[in-house]
Amino acid sequence: MDIRKFFRSFIYAFQGIVAATKEQNMRFHLASACIVTIAGLLTGLTTLEWLVIVLVIVLVIGAEMINSAIERVVDLATAEIHPLAKAAKDIAAGAVLVFAIGSVIIGVLIFFPKWF
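First residue of the sequence shown: 1, per full-length UniProt numbering; consecutive thereafter.
Here it is, written out as structure tokens:
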């Protein structure tokens, strides 16, 4: 195993994370994650609740990164507006929405009983 290639792969991955943070939707998800983390600290979540919260945050952010990558690949593949390109982008965005809605439901299930 070439150690230089190994470390370069981490550099490329971090460059991808930085590129993703420039997306408006990613900033929204990161801000939401910060708010939920602060709420969790103030609420005193159990270890299991933290596990679920962290997992949900990672899934939503990961889904948004995959969505951004799909959008860029589709844009690279065709400059014209094509029904298949639109469908690919819409499906990827829809997947993020499903994860985000699921995360809100999980947040309600975890936080509301502690607050009310």
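All C-beta atoms, glycine included, are put in the ideal place defined by N, C-alpha and C.
Notebook entry, point to check: For residue 57, which residues from the same chain have a beta carbon less than 6 Å from its beta carbon, with the 5 sequence-adjacent residues on both sides left out?
Noted result: So the list reads 33, once near-sequence residues are dropped.
Check: Between the C-alpha atoms of residue 43 and residue 77, what's the straight-line distance to the nearest angstrom?
Finding: 47 Å
Check: Whose C-alpha, out of 28, 96, 79, 36, is nearest the C-alpha of residue 59?
Finding: 96
Margin query: Between the segment 86-95 and the segment 65-75, can you find at least three pairs of beta-carbon atoms closer than 8 Å?
Written below: yes
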